[in-house]
Each structure stands twice: as C-alpha cells, then as structure tokens.
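Residue numbering for the sequence shown follows numbering that gives the first Met the number 0, starting at 0 and increasing by one per position.
Ideal placement from N, C-alpha and C gives every residue a C-beta, glycine not left out.
In this text the structure is predicted, and so the values were computed from the model without any measurement.
Accompanying notes for the structure given below.
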Amino acid sequence: MTELLIKGGTVYTPDGPRRADVHVSDGAIVRVEPGLAIGPDGKQIDVDGMYVLPGAVDVHVHSRDPGFPEKEDFATMTAAAAAGGVTVVLDMPNTVPAVDSAGVLESKAALARSKAQVDFGLWGLIRSSTTPEQLEAMADAGAVGFKAYLAYSFSLSRKQVLYSPDDEDPDLEPPADYGTLARLAPVVAALGLPLAIHAEDPTVLAAFRRPLLTYDDLLESRPPEAEAVAVSAAAAVARESGAHLHIAHLSSALGLQAAEDAVKVGTSLSVETCPQFLLLTAQDFDQVGSAMKMLPPIRGAADREALVGGLKRGVISVVSTDHAPHTDEEKSRRFEDAPAGSPGVQTLYLSCLQLAKDLGDVWLAPRWVSQAPADLFGLSRSKGAIAPGFDADIVIVDPRGKTRVRPEHMRSRQRHGALEGKEFDFSIQSVFLRGERFAPGGKARGRMVRPALVAR
Ligand SMILES: [Zn+2]
Numbered sequence: 000m001t002e003l004l005i006k007g008g009t010v011y012t013p014d015g016p017r018r019a020d021v022h023v024s025d026g027a028i029v030r031v032e033p034g035l036a037i038g039p040d041g042k043q044i045d046v047d048g049m050y051v052l053p054g055a056v057d058v059h060v061h062s063r064d065p066g067f068p069e070k071e072d073f074a075t076m077t078a079a080a081a082a083g084g085v086t087v088v089l090d091m092p093n094t095v096p097a098v099d100s101a102g103v104l105e106s107k108a109a110l111a112r113s114k115a116q117v118d119f120g121l122w123g124l125i126r127s128s129t130t131p132e133q134l135e136a137m138a139d140a141g142a143v144g145f146k147a148y149l150a151y152s153f154s155l156s157r158k159q160v161l162y163s164p165d166d167e168d169p170d171l172e173p174p175a176d177y178g179t180l181a182r183l184a185p186v187v188a189a190l191g192l193p194l195a196i197h198a199e200d201p202t203v204l205a206a207f208r209r210p211l212l213t214y215d216d217l218l219e220s221r222p223p224e225a226e227a228v229a230v231s232a233a234a235a236v237a238r239e240s241g242a243h244l245h246i247a248h249l250s251s252a253l254g255l256q257a258a259e260d261a262v263k264v265g266t267s268l269s270v271e272t273c274p275q276f277l278l279l280t281a282q283d284f285d286q287v288g289s290a291m292k293m294l295p296p297i298r299g300a301a302d303r304e305a306l307v308g309g310l311k312r313g314v315i316s317v318v319s320t321d322h323a324p325h326t327d328e329e330k331s332r333r334f335e336d337a338p339a340g341s342p343g344v345q346t347l348y349l350s351c352l353q354l355a356k357d358l359g360d361v362w363l364a365p366r367w368v369s370q371a372p373a374d375l376f377g378l379s380r381s382k383g384a385i386a387p388g389f390d391a392d393i394v395i396v397d398p399r400g401k402t403r404v405r406p407e408h409m410r411s412r413q414r415h416g417a418l419e420g421k422e423f424d425f426s427i428q429s430v431f432l433r434g435e436r437f438a439p440g441g442k443a444r445g446r447m448v449r450p451a452l453v454a455r
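Written out as structure tokens, the structure reads:
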C-alpha cells in the first residue's frame, strides 16, 4: 500500500472549497477531512496556503499521433498536459488514419497507452458513409463520443479529414451533413454517448470563400452565421432523436444565441469554448501573429464578452483547449500558408483560474475544466472530484505564485502558442496522477478511460 497525505490546503470538493487534508491510498482518494494523520510508512506533503484541485479533463485535444509526429505525439502532448494540471485528455478522431472504426480506435489506444503520461479517452469519427454498426463497435471499443466535421471532406486514400471545399476529386468523400446526423443521431442516442460537431455550415462558408491573405480575410471567410446555422440545424436533429449534442469550440455571440435558444426549447445540448476565445480578440493579431490563426477564428470584443457571459450564466459549461499544434516552422510561414491551430493544453488550468478570479469566483475554474467535463463524458465515477473513491488526480496550485507563458517552458513540439506572454496570478506546484507525482521524463502511466454508459 502506498499512502500519501496532502495536508493543510484548501481543497475544492464537490461541496465547494474547504480546509481539509486528503488521504490517498494506492492511487485513490480515501478520506477528505481536517486533522488527518498518516503512519510512519506514508508520505506527507504540506500544502499550507495552496489550492488542492481535481485534475483537469481536456475534452478537445489533437495529439497528431498517429499521423503527424513532427507536430506532436502522445508523449509530448501528454507531457504538456501533465505540466499544466490536465490529467485526462480526450483526443479527437482526425488523426491519420482517422478513427472511423473499432479497429483503428483499438490500434490508436495501444499506441497512446505506450506513450501517455496522463489518462486519455478517444473520440470516434462520423463520416457521411458511417454505418450504425461502426458506431456500435466503436462504442464497445471505448469511444467517449462521436464527432462530425460538417464542412470537412474525407480523403479515402489518405484516411484523413480535410478541408477541401468544391473539390471534385473522386478521392474525397463528401463531409458528414445534417442528413448524416439525422440518420445516425438515434443510434448515438441509444448508445448514450455525446454527438459533437465542428459547427460551421459548409454552404455559408462556401458563400464567403476568399483567399486568406490577412486576418480580416480569415474573419470574413468564417462568419458567425456559419456557426449559428450549424448549431441550430444540428440541435433540431438532436432534439428529434434524443441525442445529446455537444458544440465544440464555440467562438461567436451568434453561435451562443443559437445554442441558448436550442436549450430553451428542450434540446439536450452542451457547449464548450476555449481560453483563446475568452482571453484574446482579433485586435491581438498585430501582436500575436499567426500563432492565433485557428478555425473557427478568434473574433471581436463583443464575441469575447458574449462568451464570457455565457460561461458566467452556465450556458457554456466546459472550457477545453482545441490543442492543435503544428511545427514552429510551419506557423512562422506567411499568414496565408501558416496552418490553423495552436497548442493550449498546458495553459488550460492556469488561464481558467485567472479568468475565474477576474470574474470574482476562482472556484468556477475546476468546474469548467474538471467537474463539468467529467460529468458530461461519463467519467464522474473516478474523475473530476476530490472525494473518497475517486482517482487521486490532484493539482496543487499556489495562489500567490505567478506564471508567464514562455516558449522555453512549453512541453509541446510547438513552443510558440496563441497565449505566449500571458501572465497568470497562479502557479502549478505539483500534479499527481493516481497518487503519483508527475515528473518530466517519467514512464508512460496513462490509462485509457471509458465512459460509464447510461443508456446501455
Ligand atoms: Zn479541434
């Protein structure tokens, strides 16, 4: 038995923050009470004045592995996650080959297991040709949910999700559309898993296509109408089928309004947004440059304020990162040639603590990044809380520390991300995965998480 006592901190429990000690035995939390003691064989860590928080569950990351290991792999991505207090990552299915069957999911799981520093779950892909049997097999293999990329084609030869509008290439299978969702949503509903969309309507995008020479071109090519239309249409499908719809990386006030309207009429719908949409606006481009080129784009101040408001009201319940690294060389090309995406997993917790503090309640942060995502993805028997019976995935945060986001501290392959230079009034002191303190260069201890399915 390995015994650990985390003594004297302010613990974020399911009932809110309180002064307590946390007793961990063999990787699980056994007691959370004041005045605990530990035997001579146990290890005690004194964390007076510190916050003791549940590890974050980042529901939206792109490991690039398998597919593009020069951009990132499961080892570097999960090292970045661990350094930032993220102890579970849910990896998106657009790795190569894309995760469109149980066989691909199982091979990816084996690869991830051999490299992962933190626990991980895997998303399955919905293609326009996906069958109900493929979804059922992926659910049996442990998929945490299914994602449809509404504007993205599928290369049959490369097994890759691609943004190639208007391309007549017979190698490209058309994107999953609202018909695909209507056909498969009842199956997803019966499986009890979330149905996630990349919410940009392809017909709206087609109407605004243009060469992307400047940041304004990017904004004009990806208008908020594309997001709002996709949210409304997918919500109608979800409502009819009873499937739970999850909106990935919400970026606009108009998209938020569409989501809020759908919830009002009874749609089972959850919304995530990302730190970059909550902390940056298009105005920052002159300073940040292509590091903040991403899709959907970071928009204006009114959109940012609306998203912060949605988070305050609870319409947006989850903050994820859409961690999507490339190489620094690729990102330093001229704007039109720089690929879209930024790393983010390492700064999720600290950026959310800062945002929550600025909103007047620092304890909102563990709800956005840990409790709500664990609940939503069926992981709340073991993840997302500091309470007896839960995995000892614990983050010790110093509320008097300061952290400046610097490239030399980043553990992803891409060092220069969208939040570079940001300062946070917190620092991460240590991170535990199932009771073991994370140390850089440690061996892969990550396990695959599987949702506890409600409907099966
Ligand atoms: Zn993404």
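Any non-hydrogen atom of ligand 1 within 7 Å of residue i CB
i	result
V91	A quick correction: the sequence has Met, not Val, at residue 91. Yes, ligand 1 has a heavy atom inside 7 Å of this Cβ.
D64	no
A101	no
D321	yes
H245	no
D325	Checking the sequence, you will find His at residue 325 rather than Asp. Incorrect: H325 has no Cβ contact closer than 7 Å to ligand 1.
H248	yes
H59	yes
Close beta carbons around residue i, own chain, < 7 Å, minus the five adjacent residues each side
i	result
R456	The structure shown has nothing for residue 456, since the chain only spans 0 to 455.
A101	A136, M137, D139 and A140
V46	I5, K6, G7, G8 and I395
R455	Here R455 scores only 36 on pLDDT, less than 50, and its place in the model is too uncertain to base an answer on.
A66	With the sequence shown as reference, residue 66 is identified as Gly, and Ala is not the correct amino acid for it. Answer for G66: T94 and V95, listed in chain order.
T266	A234, A237, R238 and L244
D40	E2
Residues of its chain near residue i, where Cβ-Cβ distance is below 6 Å and the 5 sequence neighbours each way are ignored
i	result
M91	H61 and W122
R436	S429
P16	T9 and W362
T179	S127
A198	E226, A229, V230 and I246
K42	L3
A373	V56, S379, K382 and G383
H22	L4, V29, R30 and L35
A188	S240, G241 and A242
L134	V186
E422	R403
Bounding residues of the beta strand (DSSP E) (the contiguous stretch that carries residue i)
i	result
Q275	It is not in any beta strand (DSSP E) - Q275 instead sits in the alpha helix (DSSP H) that spans P274 to L278.
G462	Because the chain here runs from 0 to 455, residue 462 falls outside it and cannot be looked at.
T86	V85 to D90
E32	A27 to E32
P16	G15 to S24
E167	Premise fails: E167 is in no beta strand (DSSP E) and is neither H nor E.
G8	E2 to T12
L124	G123 to I125
I44	K42 to D45
V160	Q159 to L161
Same chain, Cβ closer than 8 Å to residue i, neighbours up to 5 away in sequence not counted
i	result
D166	S152
E224	D200, V203 and L253
A355	V361, W362, L363, A364 and W367
M293	Q275, D321, A323, A339, G340, S341 and A417
Q116	A74, T77, A78, A80, A81, L432, F437, G441, A443, R444 and G445
L268	A234, A237, H243, L244, H245, I246, A258, A261 and V262
A111	S62, D64, F73, D90, F119, L121, G445 and M447
Limits of the unbroken alpha helix (DSSP H) element including residue i
i	result
S152	Note, S152: premise wrong, no alpha helix (DSSP H); beta strand (DSSP E) at S152 to S154.
Y148	Run containing Y148: none in the alpha helix (DSSP H); it sits in the beta strand (DSSP E), F145 to Y148.
P372	A371 to L375
V361	Where V361 is concerned, there is no enclosing alpha helix (DSSP H), given that its DSSP letter is neither H nor E.
E132	P131 to D139
Cβ of residue i within 8 Å of any chain B Cβ
i	result
D392	No chain B appears in the structure shown, which is made up of a single protein chain.
Enumerated in chain order, which unbroken segments of the alpha helix (DSSP H) with a length of 4 residues or greater are wholly contained in the stretch 285-333?
-> 300-312 and 327-330
query: Residue ranges of each alpha helix (DSSP H) run of no fewer than 4 residues wholly in the stretch 180-226, ordered along the chain?
result: 201-206 and 214-220
Extract the residue ranges of the beta strand (DSSP E) inside the stretch 47-116, only unbroken runs of 3 or more that lie entirely within it.
50-53, 55-60 and 85-90
Whole runs of the beta strand (DSSP E) within the stretch 228-254, excluding any shorter than 3 residues: Segments of the beta strand (DSSP E) lying fully in the stretch 228-254: 243-246.
Q | Whole beta strand (DSSP E) elements within the stretch 362-441, 3-residue minimum | A | 393-397 and 426-432
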